[in-house]
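Residue numbers (the working numbering): 2 to 269.
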């Protein structure tokens, strides 16, 4: 279901503020001024703890503002990004070519990374290389529903292209020279026919979780990196939004703005 099959916007057109301003996003989060954002990220990340043991060696790829550590019950999680901020454990890490050792990690996590990748298949191949057998790739990603498409067009934020091909390792899904370029449709194309995508990975992954969520809880969060206006809520009213989100998430093509996925690497 599409409002348009393809739409992209220049950064100068974006109606959200502070796009790509990682340091500002971290400062805003740790100031604790926006409880909506805290509640959103707590709901976004804490489910991952069901798939994590304290002894696991964990790598987060594409950490961005590196807020995941605040919600994961592990002291062995290490953050990385294709930047060199001091708060990162590993700096200048390309998610399609990490240079980590083969089968180094028990769990790999990414949050809203895949839709920023120009060559997603290269990324999944790299995850398989550095992930141990029976390890999990834990994914939080956008869902390019009709509602998502509407707000992308309304806010002129990033863009999407349902005609792109994530299996093509030569033709990029978005601007490969721009870290903040995004194709919000990429995760949907991959996971609406994951069997086909997985065939190009020698069927080494198995989906063990795939759910949808975040609608009004996201829209009224004020934004994680890029910012917009929001109505402050206490925990009680935010939980009401989560309940409404859960109900509407039964219609994944229309409403949810995020999806949660866990892939298990099959033992050879």
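Every residue, glycine too, gets a C-beta built ideally from N, C-alpha and C.
Nothing here was measured: the structure is a model prediction, and the numbers come from that model.
| Query | Result |
| --- | --- |
| DSSP three-state assignment for residue 158, whether helix, strand or coil | coil |
| Distance CB(residue 254)-CB(residue 147) smaller than 8 Å | yes |
| Closest by C-alpha distance to residue 169, when choosing among 268, 94, 124 | 124 |
| Sufficient close CB pairs (3 or more, under 8 Å) joining the stretch 47-66 to the stretch 104-119 | yes |
| Assumed close pair residue 243, residue 35 - CB separation to whole angstroms, cut-off 8 Å | Not really, about 16 Å apart at Cβ, beyond 8 Å. |
| Spatial distance of residue 85 from residue 102 (CA atoms) | 20 Å |
| Buried versus exposed call for residue 221 [16 or more other C-beta atoms within 10 Å across all chains shown] | buried |
| Sequence-distant residues of the same chain with beta carbon closer than 7 Å to residue 113, five excluded per side | 141, 142, 143 |
| Residues bridged to residue 61 (per DSSP) | 80, 110 |
| Cβ-Cβ separation, residue 257 to residue 214 (assumed contact under 8 Å), whole Å | 6 Å |
| Best match in 162, 126, 24 for proximity to residue 4 [C-alpha to C-alpha] | 162 |
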